[in-house]
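Q: First to last, the protein sequences are chains W and Y. Letter by letter, the first sequence follows residues 883 to 1005 in the numbering used here. Letter by letter, the second sequence follows residues 883 to 1005 in the numbering used here. Sharing a structure with you now.
Number of protein chains: 2
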Amino acid sequence: MQAHDHSLCPVYDSIELLQEKWVLHIIRALLGAPHGFNELARAVGGVNTTTLAARLDRLEREGIVSKAIESTMPPRTRYELTDAGVALQGVIDAIDGWAREHMRRCQAEEFAPDEPEPAVSSH
Amino acid sequence: MQAHDHSLCPVYDSIELLQEKWVLHIIRALLGAPHGFNELARAVGGVNTTTLAARLDRLEREGIVSKAIESTMPPRTRYELTDAGVALQGVIDAIDGWAREHMRRCQAEEFAPDEPEPAVSSH
DNA sequence: TCAAGCGCTTGACATTCTCAAGCGCTCTTT
DNA sequence: AAAGAGCGCTTGAGAATGTCAAGCGCTTGA
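As structure tokens, this is what we get:
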């Protein structure tokens, strides 16, 4: 891993952060409302707790999410976005806008008559 | 993996697409100008060719990138964004805006004196 | 009293990503 | 004319990243 000039670029670094699996999903869920841990897992849909814990840990260290322990005994935690986190609304909105416009993966993209199938390899 | 309702949501699917490693980097590079394969690898900085080939393949199938073979003999290819791809400018811009505002990772986030290293597991 | 929920963690596995090398070819440099 | 260096990829083997199932101690609602 030699230092290439890209690593000096904040945009490059941001992308690095946001492309980690589930990060954008987590932020999207948290933009709606604060959540507890398992609750958040359900809101996101599909994350396993191991990964979620790792992501929340990183996001907290990056100052995007804040964790409030409401009670230890009946364990209850609350994750919510910091100001920096809320500012990611713009990113989510942009994705949202693009999705509505171009993510019509249900309707085939071009009507290719000879193609047997568009082969949309979604998960 | 049972079907959870999220998979019906285009935003969810878009995030799924965009979070694949290097995808946003590739789009950002391609927003600047079309590129050849190795050239693109350099522009992105840090991708290995195996992954790049896989991403371009998917992005082409998704209708975001188009591939033009300019000559086979001295191999020369050109990758560029389709209309749908160019429309992702908005997403990149949003990330860009956020990065400038909040991605000041150069200044330490909290000054943790006992931590040996922030362990930013960048590539 | 008893199952269900809370917030996580651990260890074993599956998937994804990376590294190095190399194919046949052509264009530049020596 | 001979030797790189560059082009667009592909392969196989390894490293990193993400996932699964189970479970901890505890509380609440049935």
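Don't be surprised by glycine CBs; every beta carbon is placed ideally from N, CA and C.
Look up Y:Ala950 in the DSSP assignment and give the residues it is bridged to.
A: To locate residue 950 of chain Y, count along the second sequence from 1; it is residue 68. DSSP lists Y:Arg960 as partners of Y:Ala950.
Q: Which full runs of the beta strand (DSSP E) of 3+ residues lie inside the segment 892-936 of chain W, going along the chain?
A: Entirely contained in the segment 892-936 of chain W, not one beta strand (DSSP E) run reaches 3 residues.
Q: Please check if any C-beta of chain W sits within less than 8 Å of the C-beta of Y:Ala990.
A: Indexing the second sequence from 1 puts residue 990 of chain Y at position 108. Interpretation of Y:Ala990 is limited by its pLDDT of 39, a score under 50 that renders its predicted location unreliable; the figure taken from the coordinates is listed afterwards. Y:Ala990 does not count as touching chain W.
Q: Hey, would you say W:Ala935 sits closer than 8 Å to W:Ala925, going by beta carbons?
A: Within the first sequence, numbered from 1, the residue matching residue 935 of chain W stands at position 53. Within the first sequence, numbered from 1, the residue matching residue 925 of chain W stands at position 43. Against a cut-off of 8 Å, the Cβ pair of W:Ala925 and W:Ala935 comes out as no contact.
Q: Quick one: using the 10 Å Cβ neighbour count with 16 as the cut-off for buried, is W:His1005 buried or exposed?
A: Walking along the first sequence from the start, residue 1005 of chain W turns up at place 123. Low per-residue confidence applies at W:His1005: pLDDT is 31, beneath 50, and the placement is therefore not dependable, though the value from the model is reported in the following sentence. Result: exposed.
Q: In angstroms with no decimal places, state the Cα-to-Cα distance between Y:Thr933 and W:Gln901.
A: Stepping through the second sequence from its first residue, residue 933 of chain Y is reached at position 51. Stepping through the first sequence from its first residue, residue 901 of chain W is reached at position 19. Whole-angstrom Cα-Cα distance: 15 Å.
Q: Excluding five sequence neighbours on each side, which residues of the same chain lie with their C-beta closer than 7 Å to the C-beta of W:Glu921?
A: The count along the first sequence starts at 1 and reaches residue 921 of chain W at position 39. The answer is none, since no qualifying residue turns up.
Q: In chain Y, what lies closer than 7 Å to W:His984 by C-beta?
A: Here the question's residue 984 of chain W lines up with position 102 in the first sequence. Within 7 Å Cβ-Cβ: Ala966, Ala969.
Q: With a cut-off of 8 Å, does the C-beta of Y:Ser953 fall near any C-beta of chain W?
A: As a position in the second sequence, residue 953 of chain Y is number 71, starting the count at 1. Not closer than 8 Å to any Cβ of chain W, the Cβ of Y:Ser953 fails to qualify, so no.
Q: What is the DSSP secondary structure of W:Leu941, reduced to helix, strand or coil?
A: Looking up residue 941 of chain W in the first sequence gives position 59. Helix, per DSSP.
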